[in-house]
Amino acid sequence: MSAYRDEDPRLHGIKTKIRVVPHFPKSGREVLTFLGLAGIMFQDITTLLLDPKAFKDTIDLFVERYKGKNISVVAGIEARGFIFGPPIALAIGAKFVPLRKPKKLPGKVISQEYILEYGRDCLEMHVGAVEAGERAIVVDDLIATGGTLCAAMDLLERVGAEVVECACVIELPELKGRERLNGKPLYVLVEYLEV
Amino acid sequence: MFSKHNAPKPQDPRLKAITEAIRVVPHFPKQGIMFQDITTLLLDHKVFKDTIDIFVDRYKDMGISIVAGVEARGFFFGPSIALAIGSKFVPLRKPRKLPGEVISEKYDLEYGSDCLEMHVGAVKHGDKAIVIDDLVATGGTLSAAITLLERGGAEVVECACIIGLSHFKD
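Chains Z and X, in that order, give the protein sequences. Residues 1 to 195, numbered by the UniProt record's numbering, are exactly what the first sequence covers, in order. Residues 1 to 170, numbered by the UniProt record's numbering, are exactly what the second sequence covers, in order.
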């Protein structure tokens, strides 16, 4: 059901480039307070983007997995999914579909609400971006509780696409996000565990 | 300022398809604005690839060490350009999105103001940078982006956008 590459020599370089920032964010809905430390130790991928080799290796690992699998849609979740999704899409010959917070996409959209710890949020996708029968992957920088990825999959499935897999750079396995994916496979490069 | 409307190679055959792939959505986000929607360009693999290739061809031999992308639509284009030319990618974000130490630059909107942030330490003295966004209108956001990079010690070589709105030019 799940897979991650722990033998690939590139993974060590990728993992060491991810910066952990304590006590961020300080307030607001994003603080996963009931999940203890996970909301306080922020996984910052921007330091990975500052290392051209490690960033390229990250993209290459996803491209190697999805090339030649007839994936026609790479959907990326705003905003950090926009950093990894388009290079993957370009390399595997797929279209890139941004999944955005409300009122950002112009024209006709479909919306999917999802539950946060305190309140709700919403993800939107353009009507007509994806056709029935297309094979899609969903990309984000990190999976925590899986709520956002779930909403992303719902959007794609509502228009008749097949979600082949969710792909993230980082997983926080203690938050059990992969159990929330309705049996959909999850592929991640690195795990972050509270030691 | 490099835009498709005054591109150095006006005969590049790829430009016609790129222009046609951009969708205009009237009255978004408010009445009177003809919104230039580049998401339709992202749906056409060949046209999206051509867009990136044109920027890569232009910048790959200029010793660029930083590609800075303005949140959020600059993120669609910046990383692919950075990867192809071997540069770092630096996201320039709305307030409170970047963790850790940041520097901030305010800029004016039509009504009120907004703010752009960059990580301390992302840019070093001597870095040569380009700034990427999907579109330039008044240039306020790009101006803030340039200032952030210069405050970090970089030299901003050029700003690069898919679309330039000529009625804002001056």
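Quick reminder that beta carbons are idealized off the backbone N, C-alpha and C, glycines included.
Is it buried or exposed for residue i, if we count other Cβ within 10 angstroms and need 16 for buried?
i: K184/Z; result: buried
i: D57/X; result: exposed
i: M62/X; result: exposed
i: Q43/Z; result: buried
i: R100/Z; result: buried
i: D133/X; result: buried
i: V67/X; result: buried
i: L116/Z; result: exposed
i: Y59/X; result: buried
i: H27/X; result: exposed
i: R73/X; result: buried
i: D78/X; result: Just to set this straight, residue 78/X is Gly in the shown sequence, not Asp. Counting Cβ neighbours within 10 Å, G78/X comes out buried, since at least 16 surround it.
i: E134/Z; result: buried
i: L83/X; result: buried
i: P99/X; result: buried
For residue i, I'd like the list of residues in its chain whose CB is within less than 8 Å of its CB, leaving aside the five on either flank, ordered along the chain.
i: L101/X; result: With the sequence shown as reference, residue 101/X is identified as Glu, and Leu is not the correct amino acid for it. Counting only Cβ-Cβ distances below 8 Å, and skipping sequence neighbours, we find H119, V120 and G121.
i: I64/X; result: I85, S87, K128, A129, I130 and V157
i: P131/Z; result: Note that residue 131/Z corresponds to Glu in the displayed sequence, not to Pro. The residues are V159, G160 and A161.
i: V24/X; result: M34, F35, Q36 and D37
i: K94/X; result: E71, D114, C115, L116 and E117
i: K104/Z; result: E78 and E124
i: L181/Z; result: G146, L149, C150, M153 and C166
i: I52/X; result: F77, S80, I81 and A84
i: F55/X; result: F77, I81, I132 and A160
i: M41/Z; result: V20, V21, P22, Y192 and E194
Leaving out the 5 sequence neighbours to the left and right, which residues in its chain are closer than 7 Å to residue i when beta-carbon positions are compared?
i: D108/X; result: G140
i: V163/Z; result: A136, V138, M153, L156, E157 and K184
i: A151/Z; result: Q112, Y114 and L123
i: R151/X; result: I103
i: P9/Z; result: none
i: G45/Z; result: One point to set straight first is that residue 45/Z is Ile, not Gly, in the sequence displayed. The answer, listed in chain order, is I18, R80, D141 and V169.
i: A38/Z; result: With a pLDDT of only 48 at A38/Z, under 50, the local geometry of the prediction cannot be trusted, and the value read off the model is given with reservation. Around A38/Z: L32, A144, L172, E174 and L175.
i: E64/Z; result: none
i: D170/X; result: Any reading at D170/X must be qualified, since the residue scores a pLDDT of 47, below 50, and its modelled position is unreliable; no value is offered.
i: G107/Z; result: H126
i: Q11/X; result: none
Compute the beta-carbon to beta-carbon distance between residue i and residue j, rounded to the nearest angstrom, for a pair I have assumed lies under 8 Å.
i: C161/X; j: V136/X; result: 5 Å
i: I88/Z; j: D140/Z; result: That belief does not hold up - the Cβ atoms of I88/Z and D140/Z are roughly 12 Å apart, past 8 Å.
i: A98/Z; j: T39/X; result: Residue 98/Z is actually Pro in this sequence, not Ala. Contact holds; Cβ gap of about 6 Å.
i: S96/X; j: P22/Z; result: The sequence shown places Arg at residue 96/X, rather than the Ser named in the question. With 8 Å as the limit, R96/X and P22/Z do not qualify as a contact, their Cβ atoms being about 16 Å apart.
i: G153/X; j: K124/X; result: 6 Å
i: G13/Z; j: D57/Z; result: 6 Å
i: A129/Z; j: L15/X; result: The pair is not a contact, with the Cβ atoms about 24 Å apart (cut-off 8 Å).
i: H167/X; j: A94/Z; result: About 35 Å separates the two Cβ atoms, so there is no contact after all.
i: K49/X; j: L90/Z; result: 6 Å
i: E105/X; j: L148/X; result: 5 Å
By Cβ distance below 6 Å, which residues in the same chain neighbour residue i in space, the five residues on each side in sequence not counted?
i: V47/X; result: A17, I18, A21 and L41
i: K17/Z; result: T47, L48, D51 and A54
i: C122/Z; result: P102, S111 and E113
i: L92/X; result: A68, V70, L116, M118 and A145
i: C168/Z; result: D140, L142, I143 and V188
i: P173/Z; result: E191
i: L67/Z; result: Here residue 67/Z turns out to be Lys, not Leu, going by the sequence shown. Once the five neighbours on either side are set aside, the close Cβ partners of K67/Z are I92.
i: E155/X; result: K128
* Asked: Is it true that the segment 83–92 of chain Z meets the segment 103–111 of chain Z, where meeting means three or more beta-carbon pairs spaced less than 8 Å apart?
  -> no
* To do: Quick one: which unbroken beta strand (DSSP E) runs of 3-plus residues sit fully inside the UniProt domain "Phosphoribosyltransferase" (45–163) of chain X? Chain order, please.
  => 66–70, 88–92, 102–108, 113–119 and 128–136
* Inspect the CB distances between the segment 66–75 of chain Z and the segment 82–90 of chain X and report whether three or more fall short of 8 Å. => no
* Along the chain, which unbroken stretches of the alpha helix (DSSP H) at least 4 residues long are found entirely within the segment 16–103 of chain Z? -> 46–49, 52–66 and 81–92
* Asked: What alpha helix (DSSP H) runs, 4 residues minimum, are completely inside the segment 104–172 of chain Z?
  -> 147–158
* Asked: For the segment 12–38 of chain X, which segments carrying the alpha helix (DSSP H) assignment without a break, of at least 4 residues, lie completely within its bounds, in sequence order?
  -> 14–21
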